[in-house]
Structure formats: C-alpha cells, structure tokens
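Residue numbering for the sequence shown follows my numbering, starting at 74 and increasing by one per position.
Cβ coordinates follow ideal geometry from the N, Cα and C atoms, glycine included.
One structure below.
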Amino acid sequence: MARIFFNGQAMTGGPFHAKVHGHLVGPVSTAPGYRFFSIRDECPALLADPNVDTAIEGELYDLPLEHLRDAVLPGEPLELELGVIELADGTPSLSMVLARGQLERGTHREITEHGGWRAYLATLGREA
C-alpha cells in the first residue's frame, strides 16, 4: 500500500475521484513550506519551498501500489511527477508535484494564496 496525498481532481467530488474511491483515509494538509500552481486550470501542482510558510489542503489515500501504477499515474499530466512531501503531522507521503524544469517555464499560474484547489476553483466559479 502507498500513502498518497491528492489535492486536485482525485479528491472527493472531483472528476477523477472514481479512480481512488474507497481508499480515502481523510482530509489532511501539507506541512508549511509549499507553493501551489495551476496547470491550465485543469489540475494543481505542489512545489516544496523552504522560504514560504504555507500549507496546502488535500486528502490522504492509501492505495495498492499496483493501482497507483496502473490506474492513477498513467492519467497524470506531463507537468507533474511523483514525489515525496511532508504532511502537517510530520509524516512523509507520496504526492504529485510540479515536475523538474516546469517552474522555469513560467507558464503555470501560482495559486498558493488560495491554500487549496477547491478554494481556487471557487474564484473561477467552478467546483472540484
């Protein structure tokens, strides 16, 4: 089993939640130290940054590794990669993070101030 933090489309109510339904542990936040970006307003991306004190809201799931490999990862956009983050309680977790080299492209909107994907989507008049 793999503990993975989701903070976008796979969360409860999101269009990809069916891929992870039944594996929800519960709502959680990252530890402080993360920036948050929107990829084409389709999905979010985390980026660790020790110079910020923001935490990002999401949900923790416990998925079989095979399910993560076969059902979840193939649908992730190229701008994301699998990484390890720190949760608010200090434990590590897998998460989809901004892929190396993407920040330098400068094409992704920073949405850190919203603290989570649902809050950001609400500013666009959309729901997760």
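Which of the three DSSP states is assigned to residue i in this structure?
i	result
Val101	strand
Ala161	coil
Arg173	coil
Ala195	helix
Leu151	coil
Glu200	coil
Would you decide whether residue i is buried or exposed? Buried here means 16 or more other CB atoms lie within 10 Å of its CB.
i	result
Met169	buried
Glu200	exposed
Gly86	exposed
Glu132	buried
Leu146	exposed
Leu197	exposed
Leu138	exposed
Arg191	buried
Gly189	buried
Gly195	It should be pointed out that residue 195 corresponds to Ala in this sequence rather than to Gly. Flag for Ala195 reads exposed.
For residue i, tell me which candidate among the options has the shortest Cα-Cα distance.
i	options	result
Ala121	Gly156, Gly81, Gly163	Gly156
Gly81	Glu159, Arg113, Ala75	Arg113
Glu154	Cys116, Val125, Ile184	Cys116
Leu151	His140, Leu171, Ala195, Val101	Leu171
Val93	Tyr107, Ile77, Ser102	Ile77
Asp135	Tyr193, Ala83, Ala195, Leu194	Ala83
His90	Gly148, His181, Phe110, Arg182	Gly148
Leu167	Pro88, Gln175, Arg142, Ser111	Arg142
Leu97	Gly174, Arg182, Ala75, Glu177	Ala75
Gly95	Glu183, Thr180, Arg182, His140	His140
Can you give me the Cβ contacts of residue i inside the same chain, cut-off strictly under 7 Å, excluding the 5 residues immediately before and after it?
i	result
Ala104	Ala128, Glu159, Leu160, Ala161, Gly163
Can you give me the Cβ contacts of residue i inside the same chain, cut-off strictly under 8 Å, excluding the 5 residues immediately before and after it?
i	result
Val125	Pro105, Gly106, Tyr107, Arg108, Thr185
Leaving out the 5 sequence neighbours to the left and right, which residues in its chain are closer than 6 Å to residue i when beta-carbon positions are compared?
i	result
Pro100	Glu132
Which ranges does the beta strand (DSSP E) cover as unbroken runs of at least 3 residues, wholly within the segment 81-138, from first to last along the chain? Listed in chain order, they are 97-102, 107-112, 116-121, 130-136.
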